[in-house]
């Protein structure tokens, strides 16, 4: 089947960044996530929470809040500016300075006309949302302490503001403060520190719910300006609150990592008097939870442990399906590692720099499952820092190992590498064609003579590379359709075809000799997570976010027979229930019927010549096959060979010398470098 | 007068009273008045002197601070000469309110004088102190420090990630040693320190014979 020498790489010290804010758009079912390093990601909640778009951040960003206004996404941060994002091209559209100092919170009203921001200097500023920009309208009355959180009343006539030690209700028309409610400071040592009201929620019946740094969730009445009820949730801070759409369920995220749910139910069954009662507690995080959001069927939470946890609410789900399982998203759904297959080099993409490593060498033979003696250790050849404050969006190394390219939001840089004996020298190609200003995705052709750069309007720029430098050759444009940014590119081995996939689920195949669209793969309801073109048959193998797969023959412009068989028969339940997407598709030149895939927890080889498993056969049958004698194996084996030896896989690639490279990032190592967690006293420790 | 009458009472009745001439007493009285006036005048003069001396001292100090008269005159003439804008456009100058007064600086001023051609910048350019620019960043830094101190500062009960992972291992399904001992990277720093201190101890107490 396949014996591979595996390079197990653990020297990619990738650190995911903590989650700071969440915003859910109910109409498009997209969840926007803002991270502490300034990057904003958009997940599709009904497509297995696939990470559709990533907008890279920058240094010293200090993002504090996100808000959707219709289809537009706005964020505000401690640098004092409100930023609008261009989601089609996955970059920042513009930034408007609010002139109020650092901004702590941003929220839009339900009517979609205004944005309110709470600033450090104590003002609530109202901005009018126009067609193309936002414009400052006016300030509400200035207060003495900073505004930490804001919430609009659903009618848009009042705003509740959480500040230091108090909550104020403003009348939007007049701008004056109507009520001032003081929050308790707590007992003991916390009496000397001010109580910070981290989050407020304004309900349509006039109740204001607040979460503060003492650990209380308090309910206030806005008519009288008094406290109705106070719940002590935790000893540390309550950092985030979120209300469901029909206002009957509230979730609160705490510093300990627990998510507490309150529901508006009647205490006595049958009677009509309803109260807010604490119902469920979810303990899925280890560190502070900075943001929670309640979507229709699940509670999404994220915090300093950099995981996005989707916890379905089982009373809202009827059918047990993939949507009803707990989902934790640790790593991004993009490739952060790029491999020079012919020369054994690997390029690691960090947010502020790139690292080029040469793989080590081993010698000797051993039985499968054991480790070989390492003759030469892997060595770091290059540490390339990015100039400027932007973070790297995408990067690539050419298969021969001579070219490195990376792109940030504002620039694209191409470098040429020279190897003489043991020295590596790098020269920057200074005169780049003007069209190469920034790219959403980068890819080299298999003979390293062309660079493909995906840019605006779903088009791909073609640049030829040679000894003397690079030259712009042409642009590949789709015939019609969307202008969404391309997130995947795949080039064929013979240099004739290029496939591109964009965020609108469109896959275009271009003929590189005529530089025109050759064909388009029929649009599927789920996003493309990985694609690859077979070296000999030139069939495009596509993996989707809902774990479906298809194979499209480029030369014949149709699905292959094997692909139709798979669609007809359907895939095994265990395959479809996997919760992490496949990120890379590889082919083995020695066995043309093999396809190698991987996701975060498993490595899989699909043998197209073997029969497909149906629901009754045992899916993970590698161990049973080993125990059977040789003759019986053939009758029991099916097409999917799965190996779970490697954990927390970031990237897998098959090198030209038939060895596999598996880049692992153990989650325990990530956990040791996170910020400090709250000390919790557990029984028997 | 009272003195005279007292004398009259104290002396015997037989003696004739002393004859005090009118002139003498008049002169005494006048003298005392004159003395008083003189004293007042002297005091006034003294104060005046003091004040004058102080004023002089201040004048001298002020003179010391300013550039010498010739330099100022030179500046004045230069200003009157210039008509066109200088080459120093848009450069944020560090405008100093107290010009330095070493001889070297004066020389430098004279040397750089011909280069700095204009004293008046066009209306659209602004001069900013570099100190003011850093204020904007410090606001953001102060805000971040506020959040950091509220979440991680004094009063919060925080522990280390190593302890969290070790507790998980202790109560987990497959119980194992604490993370510092199991994970090579974590314990490396502490282990290195311990081996070094061990070596030092052994060398000090000469436990291993040389």
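Chains as they are written, first to last, in UniProt numbering: chain C, 1 to 685; chain F, 1 to 210. Quick reminder that beta carbons are idealized off the backbone N, C-alpha and C, glycines included.
Listed by position along chain F, the residues whose Cβ is nearer than 8 Å to that of residue 19(C) form an empty set, because the closest Cβ is around 15 Å away. In the DSSP assignment, residue 160(C) is bridged to 151(C) and 169(C). Counting only runs that start and end inside the region 555-602 of chain C, the alpha helix (DSSP H) elements of at least 4 residues fall at 561-569 and 573-576. Membership of residue 135(C) in the beta strand (DSSP E) is indicated by the continuous run 134-139.
At the C-beta level, residue 311(C) and residue 298(C) come within 8 Å of one another.
With a minimum length of 3 residues, the unbroken runs of beta strand (DSSP E) contained wholly in the region 400-476 of chain C fall at 403-408, 412-420, 423-429, 441-444, 450-454, 460-466 and 469-476. In the pairwise beta carbon analysis, the region 177-186 of chain C is classified as not touching the region 144-155 of chain C: fewer than three pairs are separated by under 8 Å. Counting every other CB atom within 10 Å of its CB across the protein chains shown gives residue 237(C) a total of 16 or more, marking it as buried. Taking the Cα positions, residue 274(C) is about 39 Å away from residue 149(F).
A check of alpha carbon separations from residue 348(C) across 549(C), 358(C) and 336(C) identifies 336(C) as the nearest. Under the 8 Å criterion on CB atoms, residue 177(F) is classed as non-interfacial with respect to chain C. Shown here for residue 479(C): same chain residues with a beta carbon closer than 6 Å to its own, the five before and five after excluded, namely 517 in chain order. Between residue 452(C) and residue 535(C), the CB-CB gap reaches or exceeds 8 Å.
Going by DSSP, residue 50(F) is part of the alpha helix (DSSP H) stretching over 22-65. Residue 155(F) belongs to the set of residues whose beta carbon lies under 8 Å from a beta carbon in chain C. Residue 194(C) is not a Cβ neighbour of residue 216(C), given a cutoff of 8 Å. Here residue 53(C) really is in contact with residue 503(C); their C-beta atoms are around 6 Å apart, less than 8 Å. In this structure, DSSP gives residue 184(C) a state outside helix and strand, which the three-state scheme calls coil. Residue 111(C) sits exposed, since fewer than 16 C-beta atoms from the chains shown fall within 10 Å of its C-beta.
Scanning its chain for C-beta atoms nearer than 7 Å, with the 5 sequence neighbours on each side dropped, one finds around residue 235(C) the residues 215, in chain order.
Residue 533(C) has a beta carbon lying at 8 Å or more from every beta carbon in chain F.
At a cut-off of 8 Å, the C-beta of residue 196(C) has a neighbouring C-beta in chain F. Straight-line spacing of the CA atoms in residue 676(C) and residue 82(C) works out to 30 Å. Shown here, residue 263(C) sits in a strand according to DSSP, grouped into three states.
With 16 or more other Cβ atoms inside 10 Å of its own Cβ, residue 506(C) counts as buried.
Going by DSSP, residue 630(C) is part of the alpha helix (DSSP H) stretching over 630-636. Contiguous alpha helix (DSSP H) elements confined to the region 187-222 of chain C do not occur, taking only those with 4 or more residues. Look at the beta carbons and you see the region 542-553 of chain C touching the region 521-529 of chain C: at least three pairs across the two are nearer than 8 Å. In its chain, beyond the 5 residues on either side, 415 have a beta carbon closer than 6 Å to the beta carbon of residue 428(C). Taking a Cβ-Cβ threshold of 7 Å, the residues of chain F close to residue 78(C) are 140, 143 and 144, in chain order. Of the candidates 159(C), 219(C), 223(C) and 243(C), the residue whose Cα lies closest to the Cα of residue 24(C) is 243(C). Listed by position along chain F, the residues whose Cβ is nearer than 7 Å to that of residue 674(C) are 161. Look at residue 288(C): its C-beta is under 8 Å from a C-beta on chain F. Contact note: residue 189(C) reaches chain F through 155, using a C-beta cutoff of 8 Å and chain order. Counting along the chain, residue 202(F) sits inside the alpha helix (DSSP H) bounded by residues 184-205. Around residue 152(F), the beta-carbon contacts reaching into chain C at under 9 Å are 675 and 676.
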